[in-house]
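If you read the sequence shown in the working numbering, its first letter stands for residue 9, the second for the next number, and so on.
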Amino acid sequence: MAKHAAHYAARATAKQAGEPTSPEAVIEAYNAGSSEDWRTFLKVLAHESLAAKGGWVGWKPLCDAIGIDRRKGAGMLGAAQKRLNGRMPFEREQLGDNYRFRMSGDVADTIIALATGNSGGGSSDSTEQP
């Protein structure tokens, strides 16, 4: 019986690790590739999602905040999506010919902690801006 319970516990852990918003997956996503634009994008999205009503942040303001044009940003996102097999740590929604993005509070806290070198976790009350 203990062997059976351990099997199901291991499956649940593996499933959680496979979720794009699990802490392990967020760390993997943040460290994926060598693009500083990618990490800066995630950091800005984390801060802006926490501050925005409903958490949604527009594509153009994100690109402007990290100092890249939308074409370069699209390439960055495409490369990241390929590296991560589509398992992005945020939501993306298309509105007409534009996109907006949202990151959950837990994911945002993890990204902020990674960006500031605080592996102990973040806080939604973080005042340090990108």
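Backbone N, C-alpha and C define an ideal beta-carbon position, used for all residues, glycine too.
Rounded separation between residue i and residue j - CA only
i	j	result
Arg108	Glu36	23 Å
Gly81	Asp114	24 Å
Glu3	Ala87	Not covered by the structure: residue 3. The range shown for the chain is 9 to 138.
Glu101	Asn126	30 Å
Thr118	Asp72	23 Å
Phe49	Gly104	22 Å
Thr124	Asn106	30 Å
Neighbour-count burial assignment, residue i, 16 or more Cβ in a 10 Å radius
i	result
Pro69	exposed
Arg47	buried
Leu122	buried
Glu32	exposed
Ala59	exposed
Leu53	buried
Glu56	buried
Bounding residues of the alpha helix (DSSP H) (the contiguous stretch that carries residue i)
i	result
Arg78	Arg78 to Arg91
Gly113	Gly113 to Ala123
Ser30	Unbroken run through Ser30: none, as it is neither H nor E.
Span of the beta strand (DSSP E), counted from its first residue to its last, around residue i
i	result
Asn159	What the structure shows of the chain is the stretch from 9 to 138, and residue 159 is not part of that stretch, so it cannot be assessed.
Glu2	Only positions 9 to 138 of the chain appear in this structure, which leaves residue 2 out of reach.
Gly66	Trp64 to Gly66
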